[in-house]
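In what follows, a single structure is set out as structure tokens and then discussed.
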Amino acid sequence: MQKTSQKKFNVKTPSIETSTKSLSGGNIQKLIMARELSSSPKVLLAAQPTRGVDIGAAEYIHQRLIEQRDEGTAIVVISEDLDEILALSDRVVVMFEGEIVADLDSAECSVSELGLLMGGVKRRGTLIDSHKTQ
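In numbering that gives the first Met the number 0, the protein residues as written are 0 to 133.
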């Protein structure tokens with residue numbers, strides 16, 4: 000583990016020599032973020048970026064993603080956590096059964112609307128007839 004990554008990303012470990020596999024889930028996630036962000040990517044795909052981490056680590060990861068976005072990195076977040084999606088996103092694209100059912104400004108949608116769209120109950124502006132046969 001690099002000392003700069005450990006310090007910059009607040010990875011808590013007894014020593015710089017500590018094996019990655021002995022770190023907590025949150026510290027491993029922060030270390031992965033450090034590795035990925037160290038190359039100053041133009042685009043970053045963050046799939047389930049805070050899954051399995053504690054609240055403090057989740058907030059820290061969110062903060063780093065927002066900082067990267069503000070520095071010009073395009074970030075694609077894939078998550079089942081709707082609050083996380085709304086907190087991190089400028090736009091939200093919702094898919095159901097492989098089809099895009101909505102492309103939304105995150106400031107104009109709610110968790111409940113996203114849930115309906117993700118479940119196939121609703122498309123932007125209309126309810127889907129769940130009994131319709133194709």
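The beta carbon of each residue, even a glycine, is placed where N, CA and C say it ideally should be.
Check whether the Cβ atoms of Ala-86 and Lys-41 sit closer than 8 Å, and answer yes or no. no
Is the CB-CB distance between Val-91 and Ser-105 below 8 Å? yes
Arg-68 versus Ser-88 - alpha carbon distance: 10 Å
Cut-off 6 Å between Cβ atoms - residues of its own chain near Gln-133, not counting five sequence neighbours on either side: Bear in mind that a pLDDT of 44 at Gln-133, under 50, signals an unreliable position, so the number given afterwards is only what the model happens to contain. Excluding residues within five positions, none has a Cβ falling inside 6 Å.
Using three-state DSSP, classify Gln-133 as helix, strand or coil. With a pLDDT of 44 at Gln-133, under the threshold of 50, the predicted position of this residue should be treated as unreliable, though the coordinate-derived value follows. Three-state DSSP puts Gln-133 in coil, outside helix and strand.
Sequence-distant residues of its chain with Cβ nearer than 8 Å to Ile-99 (five each side left out): Val-92, Val-93
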